[in-house]
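Enquirer: Take a look at the following structure, please.
Numbering (this note's numbering), first residue to last: 86 to 699.
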């Protein structure tokens, strides 16, 4: 009998309100031969388990009607299901969550996002443990019968029982090990790290002279490697990184993987600040050597945040938070370096949270406004359209430019809400101009769209709603996306852009030449316009290679039958050179700075008069 056939004797109930989790777990366990049933909420799970008792239950915690803890309590109170082992599978994987899970009767806890291999091993172990328990009960019953027959058989049965108990103890030890170690790298996980940090804090409370340190380590550009080369290579790289860390970290030191590409190092009983800095420098040096994986050489650096612990800390999460804050500062300063946490960093983080709160209110309370950057035809200086640029009219700080709040909006997800407002307002204004200013009938409106907006599942619905609400003609709209979007989920992105094109909306690649896209991908995308980044325009008369890059982009656009817009034109010489290169359109301070609505209307009027005089 093969393993799959043997597994078919076991029934497993999966309880999760997320359909994707149900589908993934059901498919995985079914392939192993288990008989799988699914329940999308607690009530269905209780009814199904009582009517057809399973051998094992995988139970989510956070569900809308009954949470996992309540479901577990009721299962344990039901005589039919009280002995069924329950494994909690949840993203709520703090140590308090695990303690509560075991208190209500759970036998194991798996944190999300989970590894499929981990699920299979733990399911197999629990079913094996259940079978062992059943076998032990059967042996005990047999022993009671045989003791009446022969005394010596008792000794033999006891020996068998001892062996099984030993195996059970080994299994329990393995389960405890798995609960506190990362399944991919074998390093301690967050739970074990936090326990050891708490122990250090207790020691520091007893002896204020005790000093220790946390190094929060994050791999730079790991997402790009993982997305471009695949998760298998990404996993190999993480294992190799763990080995590198173990090779350069002092012995008797805790190296933990928190998840994803984040690692931590706990240095206990350090002599002083320099001890931790020396370790950080050793880690940076270790990662200067490229990794050789699957016949590839991969270079990757790390950013490190260092936080020093002592009696001033009372909570392990606060110390880890500060190390994380310092790590992000290292990334902001260029990556591949370390930074030591200071209170100023904390104040800056709190300020960012304050700005985030203000930005949410700004969107809701109408503090955002649009300015409009004119776009001209280089051949005859004719006004052809505008690019909508968002500004924040802050009640205390005045006019705030996008560079001061757009990155925060992207980081916090507010960019989706903000982008929706920009699209609606820009389309509304264009429609107003087209109705009130006859000379504006053919002007276009370019609107920047962030990657987070494109990834939103309702993006096309938002576009359709805006078009319906503003009644603007889609032919006069241009959506601008950044070049780096072309390497993310190419098939899905091509289909999304195709749907946009079906609505007769033009597509433009903004800041072309500065991203990471492959030219081999470009012809696959239904793009109408390439916008040459202002950095090439500003330096083309100073650095010859920039002019050559522009010529290359022009040739590429001509081959692909795309239009070109040059950004950042500030001098007449730049305009002439670009015009001579057959670049059709341009924008920049030579022609006009971004304008308010009133200023834009005056420009439209004066532009028409200038054309009439010609």
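Built from N, CA and C at the ideal position, the CB exists for glycine as well.
For the structure I just gave you, are there three or more beta carbon pairs, one from the segment 658–667 and one from the segment 495–511, closer than 8 Å?
Expert: Under the 8 Å Cβ criterion, the segment 658–667 does not count as touching the segment 495–511, having fewer than three qualifying pairs.
Enquirer: Please give the ranges of any alpha helix (DSSP H) in the segment 130–181, keeping only runs that are unbroken, at least 4 residues long and fully inside the region.
Expert: Fully enclosed alpha helix (DSSP H) runs of 4 or longer: 153–162.
Enquirer: Please classify residue 425: is it buried, with 16 or more other beta-carbons within 10 angstroms of its beta-carbon, or exposed?
Expert: buried
Enquirer: My output table needs one value for residue 424: the three-state DSSP class, helix, strand or coil.
Expert: strand
Enquirer: Let me know if residue 176 comes out buried or exposed under the rule of 16 or more other beta-carbons within 10 Å of its beta-carbon.
Expert: exposed
Enquirer: Could you give the first and the last residue of the continuous alpha helix (DSSP H) run that contains residue 307?
Expert: 307–314
Enquirer: Considering only residues of the segment 253–333, which uninterrupted alpha helix (DSSP H) runs meet the minimum length of 4 residues and lie entirely inside it, listed in chain order?
Expert: 275–291, 307–314 and 316–333
Enquirer: With distances taken Cα to Cα, identify the nearest neighbour of residue 369 among 279, 592 and 333.
Expert: 333
Enquirer: Could you tell me whether the Cβ atoms of residue 208 and residue 141 are closer together than 8 Å?
Expert: yes
Enquirer: Can you tell me whether residue 227 is helix, strand or coil according to DSSP?
Expert: helix
Enquirer: Could you give the C-beta distance for residue 563 and residue 524, rounded to a whole number, given that I count them as a contact under 8 Å?
Expert: Actually they are not in contact, since the Cβ atoms of residue 563 and residue 524 sit about 19 Å apart, beyond 8 Å.
Enquirer: Assuming residue 547 and residue 516 make a contact with CB atoms under 8 Å, what is their CB distance in whole Å?
Expert: So it is not a contact: roughly 17 Å between Cβ atoms.
Enquirer: Which word fits residue 602, buried or exposed, when buried means at least 16 other C-beta atoms lie within 10 angstroms of its C-beta?
Expert: With a pLDDT of 49 at residue 602, under the threshold of 50, the predicted position of this residue should be treated as unreliable, though the coordinate-derived value follows. Result: buried.
Enquirer: Give me whichever residues DSSP pairs with residue 593 in a beta bridge.
Expert: 565 and 614
Enquirer: Suppose the cutoff is 7 Å on Cβ atoms and the five residues either side in sequence are ignored; what does the same chain contact list for residue 560 look like?
Expert: 589
Enquirer: With a cut-off of 8 Å, do at least 3 Cβ pairs link the segment 424–444 to the segment 310–322?
Expert: no
Enquirer: State whether the segment 138–155 contacts the segment 98–113, with contact taken as three or more CB pairs (one from each stretch) at a distance under 8 Å.
Expert: yes
Enquirer: In the structure shown, what three-state DSSP assignment does residue 602 receive?
Expert: Bear in mind that the predicted position of residue 602 carries a pLDDT of just 49, short of 50, making it too unreliable to give a figure here.
Enquirer: Tell me the residue span of the beta strand (DSSP E) that contains residue 459.
Expert: 453–462
Enquirer: Identify, in the order they occur along the chain, each residue of the same chain with its Cβ nearer than 7 Å to the Cβ of residue 281, setting aside the five sequence neighbours on each side.
Expert: 339 and 351
Enquirer: Going by C-alpha to C-alpha distance, which of 311, 115, 198 and 276 sits closest to residue 349?
Expert: 276
Enquirer: Closest to residue 414 by C-alpha separation, out of 301, 494 and 284, would be which residue?
Expert: Among 301, 494 and 284, the Cα nearest to that of residue 414 belongs to 301.
Enquirer: Measuring alpha carbon to alpha carbon, tell me which residue in 385, 197 and 645 is nearest residue 306.
Expert: 385
Enquirer: Taking Cβ to Cβ, would you say residue 503 is nearer than 8 Å to residue 566?
Expert: no
Enquirer: Could you give the distance in angstroms between the alpha-carbon of residue 364 and the alpha-carbon of residue 379?
Expert: Going from the Cα of residue 364 to the Cα of residue 379 covers about 29 Å.
Enquirer: State buried or exposed for residue 201, treating a residue as buried only when at least 16 other CB atoms are found within 10 Å of its CB.
Expert: exposed
Enquirer: Specify whether the segment 186–199 and the segment 151–162 touch according to this definition: at least 3 beta carbon pairs, one from each stretch, less than 8 Å apart.
Expert: yes
Enquirer: If you run the structure through DSSP and keep just helix, strand and coil, what is residue 652?
Expert: Residue state for residue 652 is assigned as coil, using DSSP reduced to three classes.
Enquirer: In this structure, what does DSSP give as the bridge partners for residue 483?
Expert: 479
Enquirer: How about the segment 679–695 and the segment 443–463: do they share at least three Cβ pairs that are nearer than 8 Å?
Expert: yes
Enquirer: Excluding the 5 residues preceding and the 5 following residue 670 in the sequence, name in chain order all residues of the same chain whose CB lies nearer than 8 Å to its CB.
Expert: 460, 461, 462, 463, 469, 648, 649, 650 and 651
Enquirer: Compare the C-alpha of residue 687 against each of 580, 521, 160 and 289 and name the closest.
Expert: 521
Enquirer: Smallest Cα separation from residue 212: which of 584, 199 and 92?
Expert: 92
Enquirer: For residue 667, which of helix, strand or coil comes out of DSSP?
Expert: coil
Enquirer: Using a Cβ-Cβ cutoff of less than 6 Å, which residues in the same chain neighbour residue 611 once the five nearest sequence positions on both sides are dropped?
Expert: So the qualifying residues of the chain are 582, 583 and 586.
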